[in-house]
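With UniProt numbering as the guide, the letters of the sequence shown map in order to residues 1 to 727. Here's the structure we're looking at; comments come further down.
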Amino acid sequence: MSGPASIQEPFVLQSYAFSKESAKSKAPLLAYPTSSRTNTEGYVTVAAQGDGVHILDVSSLHPIISHTLGPSTSFACAPVTHCDGDIFTTYAAIAASSEVGKSEKGKTVWCWKDKLSGDAVEPKKTVTLPEPIHGLYLHSDTVVALSTSGSLAILGPERNILHSDTTPSGWTVLKAFWVAADPTFTVTPALVVVETSKDASRIRVVGFPQDGSVNALGETSLTLKPSDVRDVSCSQSGVVSLLASDATWHAFQLKLSSASTSASPDSLVLQPLGQPLQLATSLASATPAILALRASFVLLTTPSPKHSTTYLIWDVRFGVVVASHTLESSNVSAITPVSSIMGNSALLISSDAKAKKANVLVAHCTLPAASTIAGAMGKVGATHVWLKSAEDAVTVQPDDSKTRVLAAMSTAMEQKRPQSATQAFTEWEKQAKQETDGKITYGYSFVKDVLVTSLQPTKPANFPYSSDVVRHLIQAGVVSSSMLDSNLLTVLRLRNDWTSISLALKHVSDIQELEVVDCLRQVLKFHSADAMQVDTPSEIPSVSGFLSACVQYPTSPAPLRMAIRRCLPDVVDIVRVLEVINQWLGQWAGREVPLLPGQGAVKKNEKGVLVVDVQKGKASRDLPSVNEITTFLQAIMDSSLLNLLQHPPAHKVLRLISSRVDVEIGFVDQVQPLRGALEPFVEAQRRAIRLAEEGKEPVVDAKRRTKAMHEKNEGSIGAYRVEKLVL
Numbered sequence: 001m002s003g004p005a006s007i008q009e010p011f012v013l014q015s016y017a018f019s020k021e022s023a024k025s026k027a028p029l030l031a032y033p034t035s036s037r038t039n040t041e042g043y044v045t046v047a048a049q050g051d052g053v054h055i056l057d058v059s060s061l062h063p064i065i066s067h068t069l070g071p072s073t074s075f076a077c078a079p080v081t082h083c084d085g086d087i088f089t090t091y092a093a094i095a096a097s098s099e100v101g102k103s104e105k106g107k108t109v110w111c112w113k114d115k116l117s118g119d120a121v122e123p124k125k126t127v128t129l130p131e132p133i134h135g136l137y138l139h140s141d142t143v144v145a146l147s148t149s150g151s152l153a154i155l156g157p158e159r160n161i162l163h164s165d166t167t168p169s170g171w172t173v174l175k176a177f178w179v180a181a182d183p184t185f186t187v188t189p190a191l192v193v194v195e196t197s198k199d200a201s202r203i204r205v206v207g208f209p210q211d212g213s214v215n216a217l218g219e220t221s222l223t224l225k226p227s228d229v230r231d232v233s234c235s236q237s238g239v240v241s242l243l244a245s246d247a248t249w250h251a252f253q254l255k256l257s258s259a260s261t262s263a264s265p266d267s268l269v270l271q272p273l274g275q276p277l278q279l280a281t282s283l284a285s286a287t288p289a290i291l292a293l294r295a296s297f298v299l300l301t302t303p304s305p306k307h308s309t310t311y312l313i314w315d316v317r318f319g320v321v322v323a324s325h326t327l328e329s330s331n332v333s334a335i336t337p338v339s340s341i342m343g344n345s346a347l348l349i350s351s352d353a354k355a356k357k358a359n360v361l362v363a364h365c366t367l368p369a370a371s372t373i374a375g376a377m378g379k380v381g382a383t384h385v386w387l388k389s390a391e392d393a394v395t396v397q398p399d400d401s402k403t404r405v406l407a408a409m410s411t412a413m414e415q416k417r418p419q420s421a422t423q424a425f426t427e428w429e430k431q432a433k434q435e436t437d438g439k440i441t442y443g444y445s446f447v448k449d450v451l452v453t454s455l456q457p458t459k460p461a462n463f464p465y466s467s468d469v470v471r472h473l474i475q476a477g478v479v480s481s482s483m484l485d486s487n488l489l490t491v492l493r494l495r496n497d498w499t500s501i502s503l504a505l506k507h508v509s510d511i512q513e514l515e516v517v518d519c520l521r522q523v524l525k526f527h528s529a530d531a532m533q534v535d536t537p538s539e540i541p542s543v544s545g546f547l548s549a550c551v552q553y554p555t556s557p558a559p560l561r562m563a564i565r566r567c568l569p570d571v572v573d574i575v576r577v578l579e580v581i582n583q584w585l586g587q588w589a590g591r592e593v594p595l596l597p598g599q600g601a602v603k604k605n606e607k608g609v610l611v612v613d614v615q616k617g618k619a620s621r622d623l624p625s626v627n628e629i630t631t632f633l634q635a636i637m638d639s640s641l642l643n644l645l646q647h648p649p650a651h652k653v654l655r656l657i658s659s660r661v662d663v664e665i666g667f668v669d670q671v672q673p674l675r676g677a678l679e680p681f682v683e684a685q686r687r688a689i690r691l692a693e694e695g696k697e698p699v700v701d702a703k704r705r706t707k708a709m710h711e712k713n714e715g716s717i718g719a720y721r722v723e724k725l726v727l
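Here it is as C-alpha cells:
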C-alpha cells in the first residue's frame with residue numbers, strides 16, 4: 001500500500017467482562033490473528049481468562065467458533081488457529097484448569113478441530129510438553145511451542161510431538177516473534193527470541209526449514225541489562241526496537257550471515273539505526289507499548305491520565321512520527337498492541353479496570369511500501385512534541401578519553417595536520433581495545449564528532465582532511481549518512497575522495513538514491529568523449545566499476561527512478577549505462593555452469609565435515625548478479641524508456657539487451673527443475689554441519705541402514721537396479 005502513513009480510529013471487535021480470577025491476571029485477554037485464503041480480513045483467536053477460547057471474524061465482527069471452559073481455566077499465552085478451508089484447528093496453552101494436574105500446569109496444550117459451522121470434527125486432544133510454555137506459533141500445518149527457558153517443541157498435524165529440545169540454557173524468554181521467510185532477513189521461517197539471564201540479555205534467531213529440522217541461525221548480546229528492557233518489537237524484515245525503562249528507544253537492524261547454518265559470534269549482527277530516541281515525559285510516564293508493523297514502522301500506544309489514548313506510528317529508521325491519532329476514552333487503564341494483521345492493521349487489547357471489562361480492538365493503518373527519506377522529510381517538527389527536550393534530557397557523562405582524543409584531533413585539523421589527527425585516533429582506538437578486550441564501542445555521537453572533525457565539511461574543498469580515519473570508520477560499519485548536515489557522498493566527491501565513496505557504497509546503509517546516481521553522473525561526465533582529460537583525477541573509477549557498485553547498492557524502486565530522471569536527463573548517458581549492462585549480461589550468458597566444485601574448493605572444516613569453500617574461485621564482485629542487473633535495468637526502463645525510443649542510436653543496445661535477457665530466462669527455465677531434486681542433498685549437508693557443531697553423531701535408523709545394505713548387495717542405485725548379463 002502506498003501513500004502517506006495514517007492510522008484510523010480503532011474499532012471494537014469484541015468485549016469480555018472480567019471474572020474474579022481473571023481480574024488478578026496481568027493479561028485478562030490474549031489474542032492472535034489468523035490469515036485465511038477465503039477471508040481477506042482474516043480471523044482473530046482470543047483466549048479470555050476464566051472464560052474460554054473464541055475465534056472472531058474480523059469482517060463480520062462476530063465469533064464463529066467458541067469453546068467455553070469455565071472460570072477455573074486460565075491461559076499461559078495467546079492461542080493459535082490453523083485455517084484450512086472451513087476446518088479450524090485451535091491450540092491453547094493451559095496455565096491452570098480443574099482438568100489439569102498440578103505438575104502439568106503451564107505445560108498442557110488443548111487442541112480442537114472444528115468446522116466453520118461450529119461442529120466438532122474431532123474431540124478435544126491434550127498434549128503435555130516437558131516445560132512451561134511461553135508462546136505458540138503457527139508454522140505451515142505444525143505448531144512451534146517455545147518454553148519459558150527457550151527450549152522448543154514442534155507439534156505435528158496429528159497433535160503429536162515431532163521435535164523436543166529440553167537442554168537447559170540458563171536463560172528466560174522475555175519476548176519472541178515469528179518471522180516468515182523474508183529475502184531482506186532470513187530465507188526460512190524463523191523465531192526471533194529475546195532472552196534474559198541474571199545480568200545479561202541477548203537475541204537469538206532459530207530457523208525452521210521445510211524438512212522439519214530446527215537450526216540455530218545466530219545470536220548476539222544486548223547492551224541493555226535485563227531490568228532496563230521495558231518492551232521489544234521485531235518486524236518481518238528484522239528491524240528490532242528496544243524500549244528501555246528510562247524511556248530511551250533503541251532501533252537496530254538484525255542481519256544474518258547468508259551462509260549461516262548454526263549460531264556463531266559473527267552469524268548475527270545487530271546494526272544500530274541512528275541515535276537512540278529519548279521519549280517525552282508524557283509518554284514515558286504512561287506505560288507505553290510498541291508493535292512492529294512493516295519495514296521500520298512501529299506503532300507506539302499509551303493511555304493518558306487525561307482519559308485519552310495516543311497512537312503513534314514511528315519510522316524508527318529515521319526517528320520520526322509519520323502518523324498519529326488520539327482517541328478520547330474514559331477509564332482505560334492499559335492499552336497493549338499484540339500483533340499486526342497482514343502488516344497493515346494492528347490488533348490491540350484495552351482494559352478498563354473500573355468497568356472490569358477488556359476489549360479486542362483493530363486499528364487499520366495505511367503504510368508506505370518501504371521506509372524512505374522522502375517519507376520522513378517534514379516530520380521533524382511534529383516529532384519534537386513526543387521527544388524530551390534538550391534542557392530536560394538527562395545529561396550523560398562523557399567519556400574522558402573520547403573527549404581528549406576529539407580535542408586533540410580538532411587541534412590538529414585546525415593546524416592543517418591531518419596525519420597528527422589520524423595518529424591521535426589510532427592511539428586512542430588501540431588503548432580502548434586493550435581496555436575492552438577488543439570489544440570497543442564507538443557510540444553514535446562519538447562517531448559523528450570524529451567524522452565531522454576529520455572531514456571538515458564546512459571548510460573549502462582543498463582543505464586538508466584525515467581520509468584514513470574516515471575510511472576506517474566507514475569500513476567498521478559505524479558511519480551513517482545522516483551524521484553530516486550535507487550529504488556524505490557529496491562531501492567526499494567535493495574532495496575527489498572516490499576511494500572513500502566506493503567504500504561507503506559497501507558499508508553505509510542509508511545513502512539516498514539521489515546521491516548514488518548523482519555520483520554516477522559525475523563519473524560519466526569525467527569519462528565522456530568531450531571531457532578534458534587533464535582535469536580528471538587519477539583515482540576516479542571506471543564507468544563499469546562504479547556502475548557495478550551502484551547496481552549492487554540496496555535501493556528502493558521509486559526513489560531510484562526519481563534519481564535517474566533527475567540526475568541522468570541526457571539520453572546519451574543512459575545509453576552508455578545500457579552498454580555496460582549489455583556487456584555484463586553477455587558475460588553471464590557466456591559463462592560456464594560448473595556442475596562440480598573446482599579443484600581445492602572442497603575441504604574439511606574445523607569440525608571435520610566436508611564443505612565447499614564458496615569464496616574460492618568466486619567471481620569478482622565487479623560483475624553484479626543477474627538479479628541486481630535486471631532490477632537496475634527495470635528502473636532505467638521505467639524512467640527513461642520514452643526518451644530511449646526517441647533516440648535512434650539507443651535502439652541497437654536495447655535489442656541486444658532484449659536478446660541477452662531472453663537467454664537468461666531460458667537458462668532459469670532449464671535449471672529450475674533441479675532445485676527440487678537437489679534440495680534434499682543441501683539439507684543433508686546443513687544437518688551434518690549442524691550436528692558436527694553440536695558435537696552429535698549423525699542418526700541413522702535401523703530401517704535406513706538395512707535398506708542401504710540391501711541395495712549394496714543387490715547392486716541397486718537409488719530407485720534403479722543394475723543387473724549383470726553374461727552372454
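Beta carbons are placed, not taken as given, at the ideal position from N, Cα and C, and that holds for glycine. Computed from a predicted model, the values in this text were never measured in an experiment.
Nearest to residue i (by Cα), restricted to the options the options
| i | options | result |
| --- | --- | --- |
| Q456 | V232, G545 and R417 | R417 |
| R686 | V572, W112 and G212 | G212 |
| S72 | A95, I64, P63 and D86 | A95 |
| L136 | T126, A153, A120 and K125 | A153 |
| K525 | L578, I290, C567 and L367 | C567 |
| E683 | V214, I161 and R204 | V214 |
| G70 | L155, T302, V53 and V321 | V53 |
| K102 | A78, F88 and T128 | T128 |
| E515 | S528, L494 and H527 | L494 |
Where residue i falls: helix, strand or coil (DSSP)
| i | result |
| --- | --- |
| I564 | helix |
| G375 | helix |
| A176 | strand |
| L13 | strand |
| L520 | helix |
| G346 | Inspection of the sequence shows that residue 346 is occupied by Ala rather than by Gly. Looking at A346 - three-state DSSP - the assignment turns out to be strand. |
| I133 | strand |
| K113 | strand |
| D141 | coil |
| F18 | coil |
| V543 | helix |
| H364 | strand |
| Q415 | coil |
| G381 | helix |
| P209 | coil |
| N359 | strand |
| V396 | Only weak support exists for where V396 lies, its pLDDT of 44 falling under 50; the value from the coordinates is given anyway. Correct three-state label for V396: coil. |
| G586 | helix |
| W386 | helix |
Cβ pair residue i, residue j closer than 8 Å
| i | j | result |
| --- | --- | --- |
| L293 | C365 | yes |
| T90 | V100 | no |
| P209 | T248 | no |
| T453 | M409 | yes |
| V523 | V478 | no |
| A358 | I349 | yes |
| V232 | L254 | no |
| A176 | P189 | no |
| V571 | S639 | no |
| V316 | A376 | no |
| I335 | P368 | no |
| L268 | V205 | yes |
Minimum Cβ-Cβ distance from residue i to chain C less than 8 Å
| i | result |
| --- | --- |
| P272 | Protein chain content of the structure displayed is limited to a single chain, and chain C is not contained in it. |
Contained beta strand (DSSP E) runs [length at least 3] in the segment 276-338, N- to C-terminal order: Within the segment 276-338, the complete beta strand (DSSP E) segments at least 3 residues long are 289-294, 297-304, 308-315 and 320-328, listed from N- to C-terminus.
Restricting to runs no shorter than 4 residues, where is the alpha helix (DSSP H) found entirely within the segment 42-99? With a minimum length of 4 residues, no continuous alpha helix (DSSP H) run stays inside the segment 42-99.
Would the segment 138-148 count as touching the segment 194-203 if we require 3 or more Cβ pairs under 8 Å? In short, these stretches do not touch, since the Cβ pair count stays below three.
Touching by the beta-carbon criterion (3+ pairs, under 8 Å), the segment 485-498 and the segment 425-445: Segments in contact, no.
With a cut-off of 8 Å, do at least 3 Cβ pairs link the segment 422-434 to the segment 379-390? Counting Cβ pairs under 8 Å, fewer than three are found: no touch.
Taking three-plus beta-carbon pairs below 8 Å as touching, is the segment 154-174 in contact with the segment 116-136? yes
Fully enclosed by the segment 422-496, which alpha helix (DSSP H) runs are 4 residues long or longer? 444-455, 467-475 and 488-494
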